[in-house]
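Residue numbers (the numbering used here): 180 to 435. Cβ coordinates follow ideal geometry from the N, Cα and C atoms, glycine included. None of these values were measured; they are calculated from a predicted model. A short write-up of the structure that comes next.
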């Protein structure tokens, strides 16, 4: 009988997961189709750093359509993200306690803000600095192809946005007890070297100016992450202390 109940529970979880996935996929399909209405405007915004869409040239017949579909899919994912996140939370939250739920509701908006900050930094600072160097390198005039250009820009925006999640990652690791603020402070030199290497990998140009534009924010994010890690560690310590106090109280009551 217990095995049957266990199987029923697993089956109900699978059905629930299937339902959540279907809703997420449906939301993605709807938002992708809806984004066709403004993908042209989004393409013009992405092409602004090189002077607009008129500065690009397509070689293949289907290249413009491919670029348009790529932008539409990306904007569809962004628009569907609230629904996707909601469905994920609706599946996970019932199995979490109140403290873990509060933790998740804190992490999601903060992660969104950091990612948006990284995307804005890449678009407003990195692209205007990098593109003139790339387009006029060696004195050769470059005419970008739409598919290649949009892939380049979207990848850069995405990975810089991911890098800006560093403080939040350090906060989570500190709360889990994987890292400590003191050890992070001691390893600041290694962090600077790692920031330089990561900046060299992300930056689309080999010149030190553009590399520095990426390295400085990464280093700053590391030190912000140390502050976040200290906050996370304090919360963990208070939780442990509360448990220890509760154990002492129960012991004293049992002795009485």
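Tell me the rounded alpha-carbon separation between residue i and residue j.
i: residue 362; j: residue 355; result: 15 angstroms
i: residue 258; j: residue 210; result: 6 angstroms
i: residue 216; j: residue 260; result: 18 angstroms
i: residue 336; j: residue 191; result: 39 angstroms
i: residue 409; j: residue 350; result: 8 angstroms
i: residue 293; j: residue 301; result: 12 angstroms
i: residue 218; j: residue 360; result: 44 angstroms
i: residue 404; j: residue 368; result: 15 angstroms
i: residue 310; j: residue 334; result: 14 angstroms
i: residue 348; j: residue 289; result: 11 angstroms
i: residue 382; j: residue 189; result: 46 angstroms
i: residue 377; j: residue 364; result: 19 angstroms
i: residue 213; j: residue 299; result: 24 angstroms
Can you find the residues in the same chain that come closer than 7 angstroms, C-beta to C-beta, to residue i, ignoring five residues on each side of it along the sequence?
i: residue 304; result: 392
i: residue 296; result: 343
i: residue 394; result: 374, 375 and 378
Of the residues the options, which one's Cα is nearest the Cα of residue i?
i: residue 242; options: 217, 353, 330 and 287; result: 330
i: residue 437; options: 262, 233 and 342; result: No answer is possible for residue 437: it lies beyond the span of the chain, which begins at 180 and ends at 435.
i: residue 202; options: 270, 218 and 412; result: 270
i: residue 227; options: 307, 372, 389 and 288; result: 307
i: residue 198; options: 375, 276, 252 and 267; result: 267
i: residue 239; options: 412, 323, 347 and 382; result: 323
i: residue 399; options: 412, 370 and 388; result: 370
i: residue 225; options: 212, 249 and 407; result: 249
i: residue 407; options: 345, 317 and 196; result: 345
i: residue 332; options: 255, 195 and 246; result: 246
Kindly list the residues whose CB is nearer than 6 angstroms to the CB of residue i, restricted to its own chain and excluding five residues on each side of it in sequence; keep chain order.
i: residue 358; result: 352
i: residue 339; result: 297 and 301
i: residue 417; result: Because residue 417 carries a pLDDT of 48, less than 50, the predicted location of this residue cannot be relied on, and the following value inherits that uncertainty. None.
So, for residue i: in the same chain, excluding its five sequence neighbours on each side, which residues have a beta-carbon less than 8 angstroms away from its beta-carbon?
i: residue 184; result: Caution applies to residue 184, whose pLDDT of 40 falls short of 50 and renders its modelled position unreliable; the value that the coordinates give is listed next. Result list for residue 184: empty, nothing under 8 angstroms.
i: residue 280; result: 272
i: residue 263; result: 203, 206 and 207
i: residue 321; result: 313, 314 and 315
i: residue 196; result: 270
Could one say the Cβ of residue i lies closer than 9 angstroms to chain C's Cβ atoms, at least one of them?
i: residue 304; result: The question asks about chain C, but that chain is absent: this structure has only one protein chain.
**Request:** Check whether the region 280 to 288 touches the region 188 to 208, counting contact only when three or more Cβ pairs, one atom from each stretch, lie closer than 8 angstroms.
**Result:** no
**Asked** Counting pairs of Cβ atoms below 8 angstroms between the region 231 to 241 and the region 320 to 336, do you hit three or more?
**Response** yes
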